[in-house]
Amino acid sequence: MVKRMSRSLVAVALLATMLPACQREQPGQATAPVQHPAAGDLPGEAVDVVLEDTIETDPRFIIGISYPQPARQYPGLAAELKRYSDAARGELMEAVADMGPDAAPAPYDLSLSYTMVVETPRIVAVAGDGSSYTGGAHGNPLVARFVWLPERDELLRPEELIPSAQGWAIVSDHVAEQLQAALSQRVDADDLDPAERAQVVRSAGKMIEEGTRPDPDNFRQFEPVLAPDGRIQSLRFVFPPYQVGPYADGVQEVEVPASVLLPHVAPGYRGLFAPP
1 MVKRMSRSLV
11 AVALLATMLP
21 ACQREQPGQA
31 TAPVQHPAAG
41 DLPGEAVDVV
51 LEDTIETDPR
61 FIIGISYPQP
71 ARQYPGLAAE
81 LKRYSDAARG
91 ELMEAVADMG
101 PDAAPAPYDL
111 SLSYTMVVET
121 PRIVAVAGDG
131 SSYTGGAHGN
141 PLVARFVWLP
151 ERDELLRPEE
161 LIPSAQGWAI
171 VSDHVAEQLQ
181 AALSQRVDAD
191 DLDPAERAQV
201 VRSAGKMIEE
211 GTRPDPDNFR
221 QFEPVLAPDG
231 RIQSLRFVFP
241 PYQVGPYADG
251 VQEVEVPASV
261 LLPHVAPGYR
271 GLFAPP
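What follows is the structure in C-alpha coordinates.
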(Lines of atoms letter the chains of each structure in order from A and count residues from 1; the text may use other names and numbers.)
(Lines give C-alpha, C1' and ligand atoms only; values in the text may rest on other atoms or scores of the structure.)
Protein backbone atom coordinates (compact mmCIF):
# COMPACT_ATOMS: atom_id res chain seq x y z
CA MET A 1 0.00 0.00 0.00
CA VAL A 2 1.33 3.42 -0.91
CA LYS A 3 0.42 6.66 0.80
CA ARG A 4 1.40 10.17 -0.25
CA MET A 5 1.30 13.34 1.76
CA SER A 6 2.10 16.95 0.78
CA ARG A 7 4.49 18.89 3.02
CA SER A 8 3.25 21.88 4.98
CA LEU A 9 5.86 24.61 5.28
CA VAL A 10 5.76 25.70 8.90
CA ALA A 11 5.58 29.43 9.72
CA VAL A 12 5.13 31.35 12.91
CA ALA A 13 1.51 30.38 13.42
CA LEU A 14 2.36 26.68 13.41
CA LEU A 15 4.99 27.10 16.09
CA ALA A 16 2.29 27.95 18.58
CA THR A 17 0.45 24.71 17.80
CA MET A 18 3.50 22.47 17.89
CA LEU A 19 4.33 22.57 21.55
CA PRO A 20 1.59 20.37 22.97
CA ALA A 21 2.96 16.97 22.09
CA CYS A 22 0.27 15.21 20.13
CA GLN A 23 -0.15 11.44 19.92
CA ARG A 24 -1.39 9.57 16.87
CA GLU A 25 -3.77 6.72 17.46
CA GLN A 26 -2.89 5.10 14.18
CA PRO A 27 0.55 4.86 12.55
CA GLY A 28 0.91 7.98 10.47
CA GLN A 29 0.31 9.38 7.13
CA ALA A 30 3.00 11.23 7.49
CA THR A 31 15.80 11.39 4.79
CA ALA A 32 16.20 13.88 6.47
CA PRO A 33 19.62 15.34 5.63
CA VAL A 34 20.48 14.40 9.21
CA GLN A 35 21.34 10.72 9.56
CA HIS A 36 20.80 8.47 12.56
CA PRO A 37 24.06 7.75 14.40
CA ALA A 38 25.77 4.48 13.64
CA ALA A 39 25.33 1.53 15.95
CA GLY A 40 27.42 1.91 19.06
CA ASP A 41 27.53 5.73 18.89
CA LEU A 42 24.90 6.30 21.56
CA PRO A 43 26.51 8.35 24.32
CA GLY A 44 27.02 6.66 27.68
CA GLU A 45 25.41 9.64 29.39
CA ALA A 46 22.10 9.06 27.55
CA VAL A 47 20.36 8.67 30.90
CA ASP A 48 20.97 12.39 31.54
CA VAL A 49 19.27 13.57 28.32
CA VAL A 50 16.34 15.89 28.96
CA LEU A 51 13.78 16.49 26.21
CA GLU A 52 12.45 20.02 26.44
CA ASP A 53 10.04 21.64 24.01
CA THR A 54 11.71 24.69 22.50
CA ILE A 55 10.79 27.96 20.87
CA GLU A 56 13.61 30.30 19.86
CA THR A 57 12.96 33.59 18.09
CA ASP A 58 15.46 35.99 16.62
CA PRO A 59 15.31 38.58 13.82
CA ARG A 60 17.20 36.06 11.69
CA PHE A 61 15.49 32.77 12.59
CA ILE A 62 12.63 30.98 14.33
CA ILE A 63 12.98 27.50 15.84
CA GLY A 64 10.21 25.31 17.24
CA ILE A 65 10.80 21.74 18.47
CA SER A 66 8.32 19.60 20.40
CA TYR A 67 8.56 16.12 21.92
CA PRO A 68 5.86 13.67 23.06
CA GLN A 69 5.75 13.17 26.80
CA PRO A 70 5.92 9.31 26.68
CA ALA A 71 9.28 9.37 24.86
CA ARG A 72 10.92 10.87 27.92
CA GLN A 73 10.71 7.58 29.85
CA TYR A 74 13.09 5.80 27.43
CA PRO A 75 16.55 7.35 27.98
CA GLY A 76 18.16 5.77 24.94
CA LEU A 77 15.33 6.84 22.67
CA ALA A 78 15.37 10.31 24.18
CA ALA A 79 19.08 10.55 23.33
CA GLU A 80 18.36 9.61 19.70
CA LEU A 81 15.65 12.26 19.39
CA LYS A 82 17.81 14.92 21.01
CA ARG A 83 20.74 14.08 18.76
CA TYR A 84 18.59 14.38 15.65
CA SER A 85 17.15 17.71 16.83
CA ASP A 86 20.58 19.09 17.72
CA ALA A 87 21.94 18.14 14.30
CA ALA A 88 19.01 19.81 12.52
CA ARG A 89 19.40 22.93 14.65
CA GLY A 90 23.15 22.95 14.02
CA GLU A 91 22.63 22.92 10.26
CA LEU A 92 20.18 25.81 10.51
CA MET A 93 22.55 27.84 12.68
CA GLU A 94 25.38 27.29 10.20
CA ALA A 95 23.17 28.82 7.52
CA VAL A 96 22.31 31.71 9.85
CA ALA A 97 26.01 32.34 10.50
CA ASP A 98 26.64 32.44 6.74
CA MET A 99 24.07 35.23 6.33
CA GLY A 100 26.63 37.78 7.50
CA PRO A 101 26.04 40.91 9.58
CA ASP A 102 24.60 42.95 6.72
CA ALA A 103 22.03 40.40 5.54
CA ALA A 104 18.40 41.44 5.56
CA PRO A 105 16.20 39.63 8.13
CA ALA A 106 14.97 36.38 6.59
CA PRO A 107 13.92 34.82 8.89
CA TYR A 108 15.11 31.30 8.47
CA ASP A 109 13.10 28.70 10.35
CA LEU A 110 13.23 25.19 11.76
CA SER A 111 10.08 23.34 12.76
CA LEU A 112 10.29 19.79 14.09
CA SER A 113 7.56 17.87 15.88
CA TYR A 114 7.83 14.33 17.23
CA THR A 115 4.75 12.14 17.73
CA MET A 116 4.23 8.67 19.16
CA VAL A 117 3.34 6.11 16.49
CA VAL A 118 3.43 2.94 18.60
CA GLU A 119 3.97 2.28 22.29
CA THR A 120 3.88 -1.28 23.63
CA PRO A 121 6.15 -3.08 26.12
CA ARG A 122 8.17 -4.50 23.23
CA ILE A 123 8.03 -1.80 20.56
CA VAL A 124 8.02 1.99 20.72
CA ALA A 125 8.01 4.09 17.55
CA VAL A 126 8.31 7.85 17.17
CA ALA A 127 7.86 9.93 14.02
CA GLY A 128 9.73 13.17 13.50
CA ASP A 129 8.35 15.51 10.84
CA GLY A 130 9.06 19.10 10.00
CA SER A 131 11.06 21.40 7.76
CA SER A 132 14.08 23.66 7.76
CA TYR A 133 14.07 26.80 5.63
CA THR A 134 17.33 28.50 4.75
CA GLY A 135 16.31 30.27 1.57
CA GLY A 136 15.00 29.26 -1.81
CA ALA A 137 11.54 28.35 -3.06
CA HIS A 138 10.68 26.07 -0.17
CA GLY A 139 12.04 24.45 2.96
CA ASN A 140 14.01 21.26 3.31
CA PRO A 141 11.70 18.52 4.63
CA LEU A 142 12.74 16.69 7.77
CA VAL A 143 11.46 13.12 7.92
CA ALA A 144 12.76 10.67 10.51
CA ARG A 145 11.47 7.52 12.17
CA PHE A 146 12.77 5.90 15.37
CA VAL A 147 11.80 2.35 16.38
CA TRP A 148 12.92 1.57 19.92
CA LEU A 149 12.95 -1.89 21.51
CA PRO A 150 12.62 -1.36 25.29
CA GLU A 151 13.38 -4.96 26.22
CA ARG A 152 16.65 -4.79 24.30
CA ASP A 153 17.30 -1.12 25.03
CA GLU A 154 18.23 -0.46 21.42
CA LEU A 155 17.18 1.28 18.25
CA LEU A 156 15.99 -1.07 15.52
CA ARG A 157 18.24 -0.38 12.55
CA PRO A 158 17.56 -1.65 9.03
CA GLU A 159 20.99 -3.18 8.48
CA GLU A 160 20.57 -5.26 11.64
CA LEU A 161 16.94 -6.15 10.98
CA ILE A 162 17.70 -7.49 7.50
CA PRO A 163 21.42 -8.35 7.31
CA SER A 164 21.57 -9.86 3.80
CA ALA A 165 21.87 -8.26 0.38
CA GLN A 166 19.32 -10.76 -0.92
CA GLY A 167 16.79 -9.57 1.64
CA TRP A 168 17.19 -5.95 0.61
CA ALA A 169 16.85 -6.93 -3.05
CA ILE A 170 13.43 -8.45 -2.23
CA VAL A 171 12.34 -5.41 -0.24
CA SER A 172 13.62 -3.08 -2.97
CA ASP A 173 11.66 -4.89 -5.68
CA HIS A 174 8.46 -4.87 -3.63
CA VAL A 175 8.68 -1.18 -2.77
CA ALA A 176 9.66 -0.09 -6.27
CA GLU A 177 6.74 -2.00 -7.76
CA GLN A 178 4.28 -0.27 -5.41
CA LEU A 179 5.74 3.17 -6.10
CA GLN A 180 5.64 2.61 -9.86
CA ALA A 181 1.98 1.61 -9.64
CA ALA A 182 1.17 4.72 -7.61
CA LEU A 183 3.08 6.86 -10.11
CA SER A 184 1.04 5.47 -13.02
CA GLN A 185 -2.21 6.22 -11.18
CA ARG A 186 -1.16 9.82 -10.50
CA VAL A 187 -0.06 10.40 -14.07
CA ASP A 188 -3.27 8.91 -15.44
CA ALA A 189 -5.31 11.21 -13.19
CA ASP A 190 -3.47 14.25 -14.60
CA ASP A 191 -4.69 13.41 -18.13
CA LEU A 192 -1.44 14.41 -19.84
CA ASP A 193 -0.80 14.12 -23.54
CA PRO A 194 1.18 10.97 -24.47
CA ALA A 195 4.53 12.70 -24.96
CA GLU A 196 4.34 14.59 -21.66
CA ARG A 197 3.12 11.48 -19.86
CA ALA A 198 6.08 9.47 -21.13
CA GLN A 199 8.50 12.17 -19.99
CA VAL A 200 6.99 12.36 -16.49
CA VAL A 201 6.99 8.58 -16.10
CA ARG A 202 10.57 8.33 -17.30
CA SER A 203 11.84 11.09 -14.99
CA ALA A 204 9.94 9.96 -11.88
CA GLY A 205 10.67 6.31 -12.65
CA LYS A 206 14.40 7.03 -12.58
CA MET A 207 14.02 8.63 -9.15
CA ILE A 208 12.18 5.54 -7.90
CA GLU A 209 14.88 3.27 -9.29
CA GLU A 210 17.67 5.24 -7.63
CA GLY A 211 15.84 5.86 -4.35
CA THR A 212 14.95 2.20 -3.81
CA ARG A 213 18.26 0.56 -4.64
CA PRO A 214 18.81 -2.46 -2.35
CA ASP A 215 20.80 -0.58 0.25
CA PRO A 216 19.58 -0.35 3.87
CA ASP A 217 20.38 3.38 3.86
CA ASN A 218 17.53 3.87 1.38
CA PHE A 219 15.12 2.24 3.85
CA ARG A 220 16.29 3.84 7.08
CA GLN A 221 12.98 5.57 7.78
CA PHE A 222 10.28 3.06 8.72
CA GLU A 223 7.57 2.51 11.29
CA PRO A 224 5.81 -0.69 12.41
CA VAL A 225 2.16 -1.45 11.73
CA LEU A 226 0.93 -3.79 14.45
CA ALA A 227 -1.40 -6.78 14.31
CA PRO A 228 -4.09 -7.10 17.04
CA ASP A 229 -1.70 -9.23 19.12
CA GLY A 230 0.88 -6.43 19.21
CA ARG A 231 3.31 -8.02 16.80
CA ILE A 232 4.39 -6.38 13.55
CA GLN A 233 2.17 -7.23 10.60
CA SER A 234 4.02 -4.90 8.20
CA LEU A 235 6.64 -2.18 8.05
CA ARG A 236 5.74 1.18 6.58
CA PHE A 237 8.77 2.60 4.78
CA VAL A 238 8.72 6.38 4.55
CA PHE A 239 10.43 8.33 1.75
CA PRO A 240 10.94 12.09 1.93
CA PRO A 241 10.51 14.34 -1.10
CA TYR A 242 13.25 13.96 -3.71
CA GLN A 243 14.15 10.38 -2.75
CA VAL A 244 11.57 8.57 -4.92
CA GLY A 245 9.79 11.49 -6.56
CA PRO A 246 9.81 15.25 -7.07
CA TYR A 247 9.14 17.68 -4.26
CA ALA A 248 5.53 18.14 -5.39
CA ASP A 249 4.80 14.46 -4.71
CA GLY A 250 5.49 15.00 -1.01
CA VAL A 251 6.27 12.22 1.46
CA GLN A 252 5.55 8.76 0.05
CA GLU A 253 4.97 5.61 2.09
CA VAL A 254 4.92 1.93 1.18
CA GLU A 255 3.87 -0.94 3.46
CA VAL A 256 5.76 -4.21 3.15
CA PRO A 257 3.97 -7.15 4.80
CA ALA A 258 5.59 -9.51 7.26
CA SER A 259 5.20 -12.35 4.76
CA VAL A 260 7.71 -10.58 2.49
CA LEU A 261 10.05 -9.53 5.29
CA LEU A 262 10.23 -12.55 7.59
CA PRO A 263 12.32 -14.90 5.43
CA HIS A 264 15.06 -12.27 5.50
CA VAL A 265 14.75 -10.91 9.05
CA ALA A 266 17.64 -11.71 11.40
CA PRO A 267 16.71 -14.55 13.79
CA GLY A 268 16.92 -12.34 16.87
CA TYR A 269 14.14 -10.08 15.61
CA ARG A 270 11.72 -12.62 14.12
CA GLY A 271 9.72 -12.85 17.34
CA LEU A 272 8.64 -9.22 16.85
CA PHE A 273 6.68 -10.15 13.73
CA ALA A 274 3.27 -11.74 13.33
CA PRO A 275 3.40 -15.04 11.44
CA PRO A 276 2.33 -14.84 7.77
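When we follow this note's numbering, the leftmost residue of the sequence shown carries the number 1, and every step to the right adds one. Beta carbons are placed, not taken as given, at the ideal position from N, Cα and C, and that holds for glycine. Predicted, not measured: the structure shown is a model, and the values here were computed from it.
Cutoff 8 Å: residue i Cβ touching any chain D Cβ
{"i": "A71", "result": "This model lacks chain D altogether, as it is built from one protein chain only."}
Of the listed residues the options, nearest to residue i (C-alpha basis)
{"i": "F219", "options": "I62, I170, M116, Y133", "result": "I170"}
{"i": "P214", "options": "P194, E255, S172", "result": "S172"}
{"i": "L261", "options": "E223, E154, E159, G167", "result": "G167"}
{"i": "E223", "options": "H174, V147, P241", "result": "V147"}
{"i": "Y108", "options": "T57, M116, P70, K82", "result": "T57"}
{"i": "A176", "options": "G139, L112, V244, Y114", "result": "V244"}
{"i": "S259", "options": "A227, P241, A248", "result": "A227"}
{"i": "S132", "options": "V124, L110, V143", "result": "L110"}
{"i": "A266", "options": "V118, G76, E160, L183", "result": "E160"}
{"i": "T134", "options": "D98, S164, D191", "result": "D98"}
{"i": "Y142", "options": "Y247, P163, K206", "result": "A quick correction: the sequence has Leu, not Tyr, at residue 142. For L142, the nearest C-alpha among the options comes from Y247."}
{"i": "A274", "options": "V117, D193, E196, G230", "result": "G230"}
{"i": "E119", "options": "P241, G268, I232, G271", "result": "I232"}
{"i": "L179", "options": "G271, K206, P59", "result": "K206"}
{"i": "R145", "options": "E52, E253, L51", "result": "E253"}
{"i": "G271", "options": "R152, Q73, K82, V117", "result": "R152"}
{"i": "P101", "options": "E255, Y74, A125, P59", "result": "P59"}
{"i": "H174", "options": "E209, E154, A204", "result": "E209"}
{"i": "A204", "options": "V117, A181, A137, N140", "result": "A181"}
{"i": "H264", "options": "R157, A95, P163, L112", "result": "P163"}
{"i": "G139", "options": "E154, A95, P194", "result": "A95"}
{"i": "Q199", "options": "G211, S184, T212", "result": "S184"}
{"i": "Y269", "options": "L156, G136, D190, L112", "result": "L156"}
{"i": "D217", "options": "E255, E154, A165", "result": "A165"}
{"i": "L235", "options": "R202, R197, P158", "result": "P158"}
{"i": "L277", "options": "V225, I55, M93", "result": "Within the shown structure, residues of the chain are numbered from 1 to 276, placing residue 277 beyond reach of any answer."}
{"i": "Q221", "options": "E196, E255, L51", "result": "E255"}
Paired residues, beta bridge with residue i - DSSP
{"i": "T115", "result": "A127"}
{"i": "I63", "result": "E56, L110"}
{"i": "V225", "result": "S234"}
{"i": "Y133", "result": "D109"}
{"i": "F273", "result": "I232"}
{"i": "L51", "result": "Paired residue(s): none; L51 is not in a bridge."}
Nearest-angstrom Cβ-Cβ length linking residue i and residue j, presumed shorter than 8 Å
{"i": "V251", "j": "F237", "result": "Not quite, the Cβ-Cβ distance comes to about 11 Å (not below 8 Å), so this is no contact."}
{"i": "L149", "j": "R186", "result": "Not really, about 36 Å apart at Cβ, beyond 8 Å."}
{"i": "G128", "j": "Y84", "result": "6 Å"}
{"i": "A79", "j": "V49", "result": "5 Å"}
{"i": "Y278", "j": "L81", "result": "Residue 278 is absent from the model: the chain starts at 1 and stops at 276."}
{"i": "P241", "j": "D249", "result": "7 Å"}
{"i": "D53", "j": "Y67", "result": "6 Å"}
{"i": "V277", "j": "A106", "result": "Lying before the first or after the last residue shown, residue 277 is absent from the chain, which here runs from 1 to 276."}
Where the alpha helix (DSSP H) containing residue i begins and where it ends
{"i": "G205", "result": "194 to 211"}
{"i": "P158", "result": "158 to 161"}
{"i": "A258", "result": "258 to 261"}
Span of the beta strand (DSSP E), counted from its first residue to its last, around residue i
{"i": "V147", "result": "140 to 149"}
{"i": "I170", "result": "It is not in any beta strand (DSSP E) - I170 instead sits in the alpha helix (DSSP H) that spans 165 to 190."}
{"i": "R89", "result": "Not the beta strand (DSSP E): R89 falls in the alpha helix (DSSP H), residues 75 to 98."}
Exercise for the section: Assess, as a yes-or-no matter, whether the region 55 to 63 is touched by the region 89 to 104 under the definition of 3 or more beta carbon pairs within less than 8 Å. Expected result: yes
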